[in-house]
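Peer 1: In terms of UniProt numbering, the sequence shown opens at residue 1 and continues consecutively.
Would you mind keeping the following structure in view while I ask a few things?
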Amino acid sequence: GIDESNALILPDKSDTKVKKEQIKPLPRKLSKKQRKNYEKILDQKRKKEKRSALLESLSSVQVSTSELAMLDSTAHLGTRNSKLRLLSKRPLPSDLREAITNNEGNNGFQINSLSGKRKRRKLLRKDKPIIKEVAIEEDPLDETSSSDDEPQSSDSHEDSKDLELKPETFNAKSDGNGEIIVSDTTEDIMLKPVTYVHLDRTAAIQESRLALPILGEEQVIMEAINGNQVVIICGETGSGKTTQVPQFLYEAGYARAGMIGVTEPRRVAAVNMSKRVAIEMNLPTTKVSYQIRYDNNVTKETCLKFMTDGVLAQEMKQDFLLTKYSVLILDEAHERTANTDLLIGLLSRVVPLRNKKGNPLKLIIMSATLRVEDFTKNERLFKVPPPVLKISTRQFPVTVHFSKKTPQNECEDGLGYAYLDEAFKKICKIHRTLPPGGILVFVTGKQEVHALKRKLTQTFPSNMPATTEPNNNEEVLVLCHNIISLVIPDVKSIKTLVLFQVKDDKKENLPQMINLDDYKTNPDNEENVEEKYHHPDLLLSEEENESDSELLMDDSAYSAENDRVLPMQVLPLYAMLPPHKQKLVFEPVPLGSRLCVVATNVAETSLTIPGIKYIVDTGKVKRRVYDKTTGVSTFRIGWVSKASANQRAGRAGRTESGHTYRLFSSAVFQDFDEFDLPEISSKPVAGLVLQMKSMNIDRVVNFPFPTPPPLDALESAEELLMSLGAINRPPRNLTLKELKKGSGSITELGRLIASFPVHPRYGKMIAMAIDQKSNVVEYVITIVAALTVKELFASFQYDADQDQDKLAARLQHMKVLWCTGGGPQRRLLGDPMVYLGAIGAAEFAGATPSYCANNCLRPKAVIEIRKLRSQLTNLVNSVQPDYTIEVNPKMNPPIDIQVKHLRQILLSAMPDQVARCIPTGEMVAGEAKKLKGAYRCALMDEPVFIHPESILSRDPLPVFLVFQEITEMKEGKKIYMRDVTEIDPSWLATFCPQHCVFSKPLEEPSPTYDPVSDDVKCVVTATYGRLSWPLGQVVITYPPGLDRYRWFAKFLLDGSVVSSLKKFSTVFLSRPVTMVKSWSSLQPRTESMLKSLAGAGVDSKQKLVKMWKENP
């Protein structure tokens, strides 16, 4: 068997070893005495922590030492000289002892409960110094300090004498302007002087200001501004931030160090806000001023300035640090225009620089709805996140109602939009059933504005006929009872009705509020109420709410006869409306009428229309959408964002509590975008990039934008600027990392282009006109102004007061006269020639409203063009001192040579916007009819057409043309070119060389020398664009290289450059043509001359003469 000596089964010796566990020393057990000592120490620490908190809370309510000196203990009542006894019985701090001693002989001293500056001012009048006491808090963790139970020695107060500060001296002075400045000086503590500027407001203004919600947040706002360089204020619409925050800053004395600047995105808002704030502050317009593009009333006394963001951006070119300003307020920042984003990025760097230089600048960003994360979480923009102050209350509550169903985009017949019909029905309901109050309707464009206005005016006449005017109150009561009984059959009795004011020979009856019995609604049947505001008399009736759909609402109960006694004043409001018509919405409403404003999104922000109580929001907006690759712009109607919808709702809560009726369901609303896309993310940024380049910001990619634009948009912008010659093209051998560090730098031409406040393409046109010697500057300025302002001609599609067909025919007839009146060459200029003729004729006639109306011109556009012409003319005179041009109201039409130069200038500014008519041979079989009049352009593959309103849209069609923009009327429809001009294809190689591909110089015909341009010319074959359109043989400047110097040497020797050398050409050892032969390098004399010319870079007569002068 297996015994114990078998090595295979013997136990391992290593396993038999027992591992000794390291025994950790046990914590020493404390004795009872030691435990008590430790607990006592911990208890002392806890008591000291509580004591420090208690002392802090007591110090906040502690009375001053002077007041304490007037108090006495009840234990010593009736005793003689109680204060001296009190002093002898208990130890007191030295300042309290001195205060009691000083007050013994001052029986007239009054107890002052005021603290801070007012107390010091009171003490100053008594000539009493103020002694500050420095309190020393014991460290609660200090084990050596005594506990609360141990009595403190009286010597501790004696030792505190060394810690007392010297008495401070306070100086009060007045600057004579109502400003009281209280300053204090001390050797140890420097206190900031406080400035208060008194404003003499009227009682009515003060009462209206106190009703604004932001007045209650004034202290919080000013403390945040005083303690931070950048502050963000988010206040709901109607809180009063636009008008009140500048007044807070003025009263706080910020206007003493510089102007207070306020930027607005729109010119109308800047002008209106400056006037309103001047009235509230009771100051003249010389102190509260405005500055917009074409107008300003700024003076040397201006201390509060309202302006557009573009004006401030232009000021930064002259004064980058904005040293004239002490505070800048960027209002309505939620609109996120390109200029606003640029300003925020620039000011994020200017504010710290100003602070370092000892001249601090405060930046305040205000908006009703703002994507705060773009500012607070953007470390590239603000290293320290700015504080955000939210003012969450409106001045008046607003109830929001959603429709049960959302109308479709188009009607069944495809001839209109369903939401317009819904808006009309909702307005009729409100006007027929609800109490008095103005109605504000939001639609997408001016055409919809006029369509809805015409329909409402026909339904509710604005003036009550004299035959139906009631003669007494009883007739009015019976008539209104009959009307309301049609709408609300369940009404049992009527207590009071809204009686329209009736004029009588003896007296007038003022309107009273409706208060109907049992006037209830159930909005859940038709509308979902988001914010319930319990005013049942302000909602729609039960009968209307019980209807299944408003699309099938029966209006037969409302006869035209009944509607005549419900007059309505319908007013339009959009950006293109003349100013005198825009102001009508602010005028009082005729007696007995209800105001109804049909507006675009121009009424969303910064405008308060008085009397608006009801908002009808279609939820639609018309946006211009740009294709980043093709550059095609399309106007598309889509949903607004949630922020814009809330802005619209806020228009109802400005002057009284209101209601907002949204013509879409709450489910659709949840799918809305939170905010609108910033302009910088949805539009071309070529102008913005050039503006930044002119400020020496080369690395645009690294700029701290709140929302950076897409990289492809920046690349497209820089590519366009390179093709225009505004910036240099970077070398091709750069790496990707080097390209990111900095793109092309700005050229001298680019700086000239950037000095004009127009698109870079139009700036290039003005720069080219300045170099021309044919005096076309005034024509180019006029064309640029017309292309910038746009929509010069009136639209009659929705104007019911005019005969549309006759006006359209007259407009077409006038276009032909303006374009071809001086000869056939003018027609080649195309639509820009129409603008020249129309503006010249209007200015010659004085641009009167009657002339503009008779000739289908918009007076507002004519005035805008005149102002822009004046501005551009002054800029040309400033950048070119040799020019002394002026705006000529009697501008003569251009002659033929000037027309040719104008066409070439347009081509040089639009080198990538060239189109060629599709030849019949390139059309696919069966599509000849469909592609009749079609063109191909280098930007896109789809065929494009000339817009029907263009003067060149009729035969004969041009073969090559240049266009200003491509628009798509509807998605999937034809794509049209606007503002077209016919060009000669031979010009493409000269004015658009960056888009052409050239062959090598041809030997036949051989190169020549042009003495006029002092240049060597050659003939090449060329193609244009990515489609490689053949241009045939063209003459261009000989490309740079050694061969160019060979040909120049040949022309120099044969006398073409210097005519006096021609007589020596026959005596040379070799003929001049030897310079361009392939074997010329074999002759030392030809090689020596070539090296001399190439080494000095001499390839023109001008350079040769300059070298001879330097080295005779």
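Glycine included, every Cβ here is placed at the ideal spot set by N, Cα and C.
The structure presented is a predicted model; accordingly, all values stated were derived computationally and were not measured.
#1: Given this structure, state the Cα-to-Cα distance separating Asn877 from Asp295, to the nearest angstrom.
#2: Is it buried or exposed for Glu527, if we count other Cβ within 10 angstroms and need 16 for buried?
#3: Can you tell me the Cα-Cα spacing of Gln447 and Gln812, whole angstroms?
#4: Over what stretch of residues does the alpha helix (DSSP H) that includes Gln994 continue unbroken?
#5: Of the residues Gly345, Ser403, Glu223 and Val862, which one's Cα is nearest the Cα of Pro709?
#6: Ordered along the chain, which non-local residues of its own chain (more than five positions away) have a Cβ less than 6 Å from that of Trp818?
#7: Going by beta carbon distance, what residues of the same chain come within less than 8 Å of Asn355, once the five residues before and after it are set aside?
#8: Report the rounded CA-to-CA distance for Asp617 versus Lys973, giving the unit in angstroms.
#9: Closer than 7 Å by C-beta to Lys1050: which residues in its own chain qualify, once you throw out the five before and the five after it? Chain order, please.
#10: In the DSSP assignment, what residue or residues form a beta bridge with Ser745?
#11: Check this for me: beta carbons of Lys764 and Ser986, under 8 Å apart or not?
#12: For Pro704, collect the residues of the same chain with a Cβ closer than 8 Å to its Cβ; drop the 5 residues on either side in sequence, then sort them by chain order.
#13: Would you kindly check if the distance between the Cβ of Arg954 and the Cβ of Leu1027 is under 8 Å?
#14: Helix, strand or coil for Phe424, going by three-state DSSP, please let me know.
#15: Please report how far the alpha carbon of Val271 lies from the alpha carbon of Val262, in whole angstroms.
#16: Do His334 and Ala313 have their C-beta atoms closer together than 8 Å?
#17: Just to confirm, is the Cβ distance from residue 1126 to Lys453 under 8 Å?
#18: Ile279: which of Gln206, Val700 and Lys613 sits nearest, CA to CA?
#19: Is Pro578 near the ligand FMN - that is, is its Cβ less than 7 Å away from at least one heavy atom of it?
#20: Under a three-way DSSP split, which group does Glu674 fall into?
#21: For Ser666 versus Phe375, is the C-beta spacing smaller than 8 Å?
#22: Measuring only the C-alpha atoms, how far is Ile365 from Leu342?
#23: Checking 8 Å against the spacing of the C-beta atoms, do Val776 and His901 come in under that value?
#24: Would you report the Cα separation of Arg662 and Lys305, rounded to the nearest angstrom?
#25: Can you give me the Cβ contacts of Leu868 inside the same chain, cut-off strictly under 7 Å, excluding the 5 residues immediately before and after it?
#26: Thinking Pro760 and Gly846 are a contact (beta carbons under 8 Å), I'd like their distance in whole angstroms, please.
#27: Quick check: the Cα distance between Met969 and Thr444, rounded to an integer number of angstroms?
#28: Below 6 Å CB to CB, which residues in the same chain sit around Val327 once its five sequence neighbours on both sides are set aside?
#29: Comparing C-alpha positions only, which one of Gly611, Pro1007, Leu370 and Arg699 sits nearest to Pro706?
#30: Could you tell me if Glu422 is buried or exposed, where buried requires 16 or more neighbouring beta carbons within 10 angstroms of its beta carbon?
#31: Can you pull the DSSP bridge partners for Gln1033?
#32: Taking the straight line between their C-alpha atoms, what separation do you get for residue 1114 and Glu332?
#33: Using 8 Å as the cut-off, can you tell me whether the stretch 227-246 makes contact with the stretch 272-291, which would need three or more C-beta pairs spanning the two stretches below that distance?
#34: Would you identify the three-state DSSP class for His431, choosing helix, strand or coil?
#35: With 16 as the cutoff for other CB atoms within 10 Å, does Ala53 come out buried or exposed?
#36: According to DSSP, what are the bridge partners of Gln34?
Peer 2: Taking the geometry as given:
#1: 19 Å
#2: The predicted model places Glu527 with a pLDDT of 42, which falls under 50 and marks its position as unreliable; any figure quoted below should be read in that light. Under this definition Glu527 is a buried residue.
#3: 20 Å
#4: No alpha helix (DSSP H) holds Gln994; DSSP gives it neither H nor E.
#5: Gly345
#6: Val834, Gly837 and Ala838
#7: Gln229 and Leu361
#8: 29 Å
#9: Pro1072, Val1073, Met1075 and Val1076
#10: None; Ser745 has no bridge partner.
#11: no
#12: Gly345, Ser348, Arg349, Asn378, Arg380 and Leu381
#13: no
#14: helix
#15: 11 Å
#16: no
#17: What the structure shows of the chain is the stretch from 1 to 1112, and residue 1126 is not part of that stretch, so it cannot be assessed.
#18: Gln206
#19: The ligand FMN is not part of this structure, which contains no ligands at all.
#20: coil
#21: no
#22: 13 Å
#23: yes
#24: 37 Å
#25: Ala785, Thr788 and Val789
#26: Not confirmed; about 34 Å, so no contact.
#27: 15 Å
#28: Leu249, Tyr254, Ile260 and Lys362
#29: Leu370
#30: buried
#31: Thr1021
#32: The requested residue 1114 does not occur in the structure, where the chain is confined to residues 1 to 1112.
#33: yes
#34: helix
#35: exposed
#36: Paired residue(s): none; Gln34 is not in a bridge.
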